[in-house]
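*Asks:*
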Amino acid sequence: MLTNRIYYRFKPYLPWRLRMGVRRILARQQRRQHALTWPINPAAGLTPAGWPGWPEGKKFALVLTHDVEGPSGLAKCQQLMQLEQSLGFRSSFNFIPEGKYKVTPELRAELRQNGFEVGVHDLRHDGKLYWRRSEFAENAHSINGYLNEWGARGFRSGFMLHNRECLHELDIEYDASTFDTDPFEPQPDGVQTIFPFWVTRPSGGGYVELPYTLPQDSTMFLVLRETSSDIWKKKLDWIVQRGGMALVNTHPDYLDFGGSKRQASEYPVAFYAEFLQHIAKTYGADYWQALPREVASWYRKTCVEANPRTQSAALNFESPTETIRKTSLKGKRAAVVLYSYFATDPRPRREAESLHRAGMSVDVFCLRPNSQTPWRQQINGVNVFHMPLRRRRAAKLVYMAQYGWFLTCSFFSVSVLNFKRRYDLVHVHNMPDFLVFSALVPKLCGARVILDLHDPMPELFRSIYGLPAEHYVVRWLKKMEQRSIGFAHLVLTPNRAFQELFTSRSCLPGKIQTVMNSPETTIFDPKRHAPSAPGTGPMRPFILMYHGLLVERHGLDLAIRAVAKLRTEIPGIQLHMYGETTDYVTKIHELIRELGLEGIVQAHGFKPLDEIAKDISQIDLGLIPNRSSSFTQINFPTRIFEYLAMHKPVIVPNTKGIQDYFEEADMLFFEAGNAEDLATKIKWAFQHPQELAQRLARGRAIYIEHNWNAEEKRFVNLVANLVDRKLTAPTA
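Numbering (this note's numbering), first residue to last: 44 to 775.
Next comes the structure, spelled out in structure tokens:
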């Protein structure tokens with residue numbers, strides 16, 4: 044990847060023959076290195092969840108695009124248009140607005156009149172579009188001007204560079220700057236799908252991403268010097284079998300239409316023409332031959348607007364209900380790295396134990412809870428190695444120092460044990476994101492790397508420390524997030540809102556999957572504990588419960604103020620809080636004394652999950668009283684599922700992270716950060732037990748879809764596919 048970027052950085056200053064010679068030398072090595080994932084990456088063939096199929100029942104979509112790079116390419120556009128017309132095809136021509144040529148309004152009009160499309164290709168095609176984030180706003184203004192002037196709806200960057208955070212500033216319906224797999228590009232990280240997908244803008248709305256799925260003509264015929272279109276045909280057959288989108292990108296500049304001596308930078312147009320004839324003859328009426336704008340419009344209407352709740356699901360390329368693959372993980376070895384205490388951190392523990400049950404040998408590298416904890420112990424079959432560090436909540440710089448020391452310890456521990464055990468997988472949990480680099484040595488030795496993003500660090504730090512969006516710490520965290528994601532082979536995250544956020548700025552959609560933080564069914568099992576009767580009578584306490592981290596963003600003061608307002612209206616009301624002691628607890632106790640709620644509001648401190656499950660069985664209503672912040676707006680608290688698992692209703696804030704899964708009829712929502720509205724909803728729950736029970740039933744149905752039994756299968760499948768990918772050669 045670095046070699047590619049250096050080459051493209053200096054490309055404008057090198058003679059064509061010299062730079063092509065360099066590319067050919069590099070390409071021979073890259074082709075051998077990526078033989079298992081180019082031209083076919085088996086992972087890219089997975090069908091997206093809820094995929095509706097192509098219009099009119101067509102087997103696959105065919106999309107033809109052309110990037111016009113210079114004056115010679117501009118001069119061949121009409122010939123190429125006439126060739127495609129004669130064979131019954133249409134395509135899109137992408138022009139550079141401020142390049143070495145000027146496309147005339149007459150040519151653009153002629154293309155449209157003949158049923159073709161016009162798109163914008165970069166701005167100047169000099170490789171500098173994304174060099175400085177601060178300058179992109181001006182570039183975006185210019186590009187948007189050309190999009191409007193030309194009536195264009197789509198965009199493609201020069202050299203297939205892609206920066207999703209910048210692309211959100213363009214007024215586009217689709218982008219075509221990515222690919223399913225292409226190790227020869229300066230940014231060789233493919234999106235790993237042969238289907239279009241939706242990219243959500245942080246400000247709302249979004250655009251459709253159309254990756255090219257057949258190798259570029261320049262790569263095939265100029266760099267690799269292929270003498271036929273056989274690679275195209277083989278890849279096309281594979282795409283057809285999987286019902287995907289065959290999108291090809293060619294360059295008129297490189298086509299030789301005959302009539303003069305062929306240049307070194309050209310290949311016979313007969314290669315392209317013969318491929319189109321092959322498609323028409325072999326597949327007849329089985330394909331939808333569409334322009335990029337038509338695919339984008341159809342996808343938006345069919346897969347996004349028709350069901351807004353599937354916008355995020357459209358990014359998932361594997362069904363969560365798939366049964367566990369027959370491919371066994373037995374005999375494989377995994378290292379798990381986390382900056383927390385393994386025994387009490389539910390997500391890493393559940394996932395590590397799942398890998399152990401699937402047959403893997405699992406080593407965990409984590410924090411040491413106290414000096415009495417042995418350096419090494421075994422927990423439920425998992426080997427746990429404790430690093431010489433305890434977690435301490437502190438200021439930003441202290442956090443970073445602790446993170447840096449733990450990264451150093453885990454890097455050396457994982458590296459040393461790797462030479463003995465030869466890990467097949469390294470599974471790293473954030474925070475921090477950069478902990479993923481502890482897997483450097485195993486990765487160099489062939490291990491696959493998973494980065495499990497529990498939380499987005501920029502949003503969490505903004506929420507904890509009240510930082511503005513452009514604070515230098517936030518900007519640094521975003522950069523580190525991008526580099527950490529780029530280092531991993533697969534990214535996991537616990538909910539759709541997080542997935543959308545990471546996809547919108549750092550992660551290619553085919554690289555990220557959701558595995559929800561569902562409670563362990565053996566612990567949160569209502570059959571183990573006798574439930575309490577609902578608190579409806581005047582002599583019966585009406586018990587509310589909060590459990591989790593006791594911090595300001597979780598709104599405990601809002602819950603306490605709501606209870607103070609209701610204590611005369613709901614006799615016997617009580618609020619029980621459970622969680623690790625923090626500095627915020629002192630403020631909570633002061634508020635309890637100030638409002639005279641001693642005995643009514645009680646803080647119980649930390650309890651293990653089995654005790655939490657038992658206490659939940661005795662309550663009437665769970666509370667998630669979160670304030671509204673950049674983090675809580677997109678978070679999905681696991682506590683919601685824990686209450687539902689125990690057949691208990693819960694009041695939740697009306698934030699996006701929760702509303703991605705529950706509608707108004709499924710859950711009792713309150714306005715995030717509003718103590719008055721929280722009190723109103725608690726009172727309604729007390730007065731309407733039957734209606735509350737109906738919402739509980741609907742909420743539980745959604746929980747059951749995502750309980751740990753289903754999520755565990757999904758997680759193990761993802762790991763098995765990832766580990767197998769380095770061992771299994773692609774088949775046509």
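Think of the CB as a built atom: it goes at the ideal place given N, C-alpha and C, for glycine as much as any other residue.
1. Taking only the alpha-carbon atoms, compute the straight-line gap between Thr345 and Ile677 and give it to the nearest angstrom.
2. Does the contact criterion of 3 or more C-beta pairs under 8 Å hold for the region 400 to 409 versus the region 370 to 390?
3. Put Ser561 into one of helix, strand or coil per three-state DSSP.
4. Given that a residue counts as buried once 16 or more other Cβ atoms are within 10 Å of its Cβ, and exposed if not, what is Asn423?
5. Name, in chain order, the residues that DSSP records as bridge partners for Cys409.
6. Okay, do the region 654 to 673 and the region 682 to 700 touch, 3+ Cβ pairs below 8 Å being the bar?
7. What's the C-alpha gap between Arg757 and Asp720?
8. Can you round the beta-carbon distance between Phe853 and Val283 to whole angstroms, since I take them to be within the 8 Å contact cut?
9. Runs of 3 residues minimum, wholly inside the region 190 to 267: which ones carry the beta strand (DSSP E) assignment?
10. Specify the secondary structure class of Ser404 as computed by DSSP and reduced to three states.
11. Which residue comes first and which comes last in the alpha helix (DSSP H) that contains Met523?
12. Which term fits Gln415, buried or exposed, when burial requires 16 or more other beta carbons within 10 angstroms of its beta carbon?
13. Leaving out the 5 sequence neighbours to the left and right, which residues in its chain are closer than 7 Å to Ser303 when beta-carbon positions are compared?
14. Going by the C-beta, is Gly249 closer than 7 Å to any heavy atom of the ligand PLP?
15. Please report the distance separating the alpha-carbon of Asp709 from that of Trp94.
16. Classify Trp174 as buried or exposed, calling it buried when 16 or more other Cβ atoms lie within 10 Å of its own Cβ.
17. Hey, out of Gly287, His572, Leu210 and Thr221, whose CA is closest to Pro98's CA?
18. Counting beta carbon pairs with one atom in the region 757 to 767 and one in the region 393 to 403, are three or more of them shorter than 8 Å?
19. Cβ of Leu319 within 8 Å of Cβ of Leu130?
20. Looking at the structure shown, is Trp331 part of a helix, part of a strand, or coil, going by DSSP?
21. Can you check which of these residues, Asn473, Gln661 and Ile274, is closest to Phe585 by C-alpha distance?
22. Would you call Val459 buried or exposed, if buried means 16 or more other Cβ atoms sit within 10 Å of its Cβ?
23. Taking the alpha carbon of Thr108 as the reference point, which residue from Asp260, Gly553, Leu89 and His211 has its own alpha carbon closest?
24. Out of Ser456, Phe462 and Val492, state which residue places its alpha-carbon closest to the alpha-carbon of Val471.
25. With a threshold of 6 Å on Cβ separation, who are the neighbours of Leu533 within its own chain once the five nearest residues in sequence on each side are excluded?
26. Taking one C-beta from the region 698 to 709 and one from the region 627 to 642 each time, how about it: are there three or more such pairs within less than 8 Å?
27. Inspect the CB distances between the region 464 to 484 and the region 521 to 536 and report whether three or more fall short of 8 Å.
28. Between Ala78, Lys171, Asn157 and Gln128, which lies nearest to Gly142 when the distance is taken from Cα to Cα?
29. What separation, rounded to the nearest whole angstrom, lies between the Cα atoms of Ile613 and Asp653?
30. Leaving aside the five residues before and after Pro389 along the sequence, list all residues of the same chain whose C-beta is less than 8 Å from its C-beta, in chain order.
31. Check whether the region 232 to 239 and the region 65 to 74 are in contact - that is, three or more C-beta pairs closer than 8 Å.
32. Identify the continuous alpha helix (DSSP H) that holds Tyr315 and give its terminal residues.
33. Taking the DSSP output, what are the residues bridged to Tyr446?
34. So which of Ala333, Gln332, Asn292 and Ser308 has the shortest CA-CA distance to Tyr315?
35. Identify whether Leu105 lies in helix, strand or coil by the three-state DSSP scheme.
36. Using only the alpha-carbon positions, how far apart do Thr256 and Lys101 sit?
*Replies:* To lay it out plainly:
1. 25 Å
2. yes
3. coil
4. exposed
5. His429
6. yes
7. 38 Å
8. Only positions 44 to 775 of the chain appear in this structure, which leaves residue 853 out of reach.
9. 197 to 199, 240 to 243 and 249 to 252
10. strand
11. Tyr515 to Phe530
12. exposed
13. none
14. Although the ligand PLP was asked about, the structure shown includes no ligands whatsoever.
15. 25 Å
16. exposed
17. Gly287
18. yes
19. yes
20. strand
21. Gln661
22. exposed
23. Asp260
24. Val492
25. Ile493 and Leu765
26. no
27. yes
28. Lys171
29. 30 Å
30. Asn560, Pro562, Glu563, Leu652 and Thr681
31. no
32. Val312 to Tyr326
33. Answer is none; Tyr446 lacks a bridge partner.
34. Asn292
35. strand
36. 18 Å
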